[in-house]
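As numbered in this note's numbering, residues 7 to 219 make up the sequence shown, in order.
The beta carbon of each residue, even a glycine, is placed where N, CA and C say it ideally should be.
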Amino acid sequence: MATTDFTLIRHGQTTENIEGRLQGHFDSRLDETGLIQAEAAAVRLAGEQFDVIYSSDLQRARKTAEIIAAKLKMDVIPMRELREWHLGELENRLCKELWAEYPEIMNCFRCENDDVPVPGGESHREFDKRIADCLESLAGKHPDQKILLVTHGGVMRSIFKHVVGCVAKTSLLPLISNVSYSRFCKRDGLWQLCCWNDVSHLKNIGVRESVTF
Numbered sequence: 007m008a009t010t011d012f013t014l015i016r017h018g019q020t021t022e023n024i025e026g027r028l029q030g031h032f033d034s035r036l037d038e039t040g041l042i043q044a045e046a047a048a049v050r051l052a053g054e055q056f057d058v059i060y061s062s063d064l065q066r067a068r069k070t071a072e073i074i075a076a077k078l079k080m081d082v083i084p085m086r087e088l089r090e091w092h093l094g095e096l097e098n099r100l101c102k103e104l105w106a107e108y109p110e111i112m113n114c115f116r117c118e119n120d121d122v123p124v125p126g127g128e129s130h131r132e133f134d135k136r137i138a139d140c141l142e143s144l145a146g147k148h149p150d151q152k153i154l155l156v157t158h159g160g161v162m163r164s165i166f167k168h169v170v171g172c173v174a175k176t177s178l179l180p181l182i183s184n185v186s187y188s189r190f191c192k193r194d195g196l197w198q199l200c201c202w203n204d205v206s207h208l209k210n211i212g213v214r215e216s217v218t219f
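This is the structure:
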């Protein structure tokens with residue numbers, strides 16, 4: 007049976023990451039550090055071969071992908087399906103303010119209450135289904151090929167759960183740093199995790215935690 011290999015890169019840093027804002031579908035841009043991080047990721051990937059590059063169509067991911075693609079002399083295919091969790095009224099708001107205003111919704115980020123509605127956005131269950139459907143579709147479309155996905159922290163957490171078969175609380179899931187490198191594959195119908203959150207290409211830049219979504 008076929009094997010599809012995936013390499014995952016989270017977008018570079020944004021000002022909203024540092025400020026502690028939930029971004030969701032808010033179309034934030036890479037800051038200066040984020041641009042430098044994207045260049046470092048491009049150097050990291052320069053020796054690898056990919057058949058196709060897909061990116062979220064939000065500009066923080068798409069710009070990261072374009073910087074990488076330029077190094078690889080490839081094009082980027084933007085996909086709306088790879089967007090971050092749609093957080094509606096919570097987007098571009100400070101997390102510390104949202105805890106006071108929307109405690110039940112904010113708590114669902116920790117306890118995985120999949121069906122808590124997000125005003126104007128997606129429930130966690132709806133988000134996970136969108137990402138799982140997208141991932142399975144890409145695996146079916148690209149048998150025996152290598153795919154590079156450039157996307158978001160929340161998307162990567164959702165992918166991790168789908169690949170590993172994990173239903174753990176979000177707070178227990180592995181860290182996902184900006185422009186971290188992860189790999190997994192679908193082989194003989196089964197998902198396999200190969201590498202997660204490798205940031206060795208950032209050793210001269212430094213890594214800091216930021217808001218995932």
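In terms of Cβ geometry, leucine 14 and leucine 155 form a close pair [threshold 7 Å]. When the five nearest sequence neighbours on each side are left out, the beta carbons in the same chain lying within less than 7 Å of the beta carbon of isoleucine 182 are those of Arg16, Gly159, Met162, Arg163, Asn203, Thr218, in order along the chain.
Contact check between the region 89–101 and the region 20–40: three or more CB pairs, one atom from each, fall below 8 Å, which counts as touching. With respect to valine 58, isoleucine 153 sits close: the two C-beta atoms are nearer than 7 Å. The beta strand (DSSP E) runs of length 3 or more contained entirely in the region 142–205 are, from start to end of the chain, 152–157, 187–193, 196–204.
Relative to the Cα of alanine 44, the nearest Cα in the group Ile74, Leu28, Ser62 belongs to Ile74. Approximately 6 Å separates the beta-carbon atoms of methionine 7 and glycine 195; this is inside 8 Å, confirming the contact. The beta carbons of aspartate 11 and cysteine 191 sit closer together than 7 Å. About 7 Å separates the beta carbon of phenylalanine 56 from that of leucine 78, a gap short enough to meet the 8 Å contact definition.
Annotated three-state conformation of aspartate 139 is helix, per DSSP.
Measuring C-alpha to C-alpha distances from tryptophan 197 to each of Val124, Glu107, Gly26, Glu142 identifies Glu142 as the nearest.
Between histidine 92 and the set Pro123, Ile165, Asp150, Tyr187, the nearest pair of CA atoms involves Pro123. According to the DSSP assignment, threonine 21 belongs to the alpha helix (DSSP H) that extends over 21–25.
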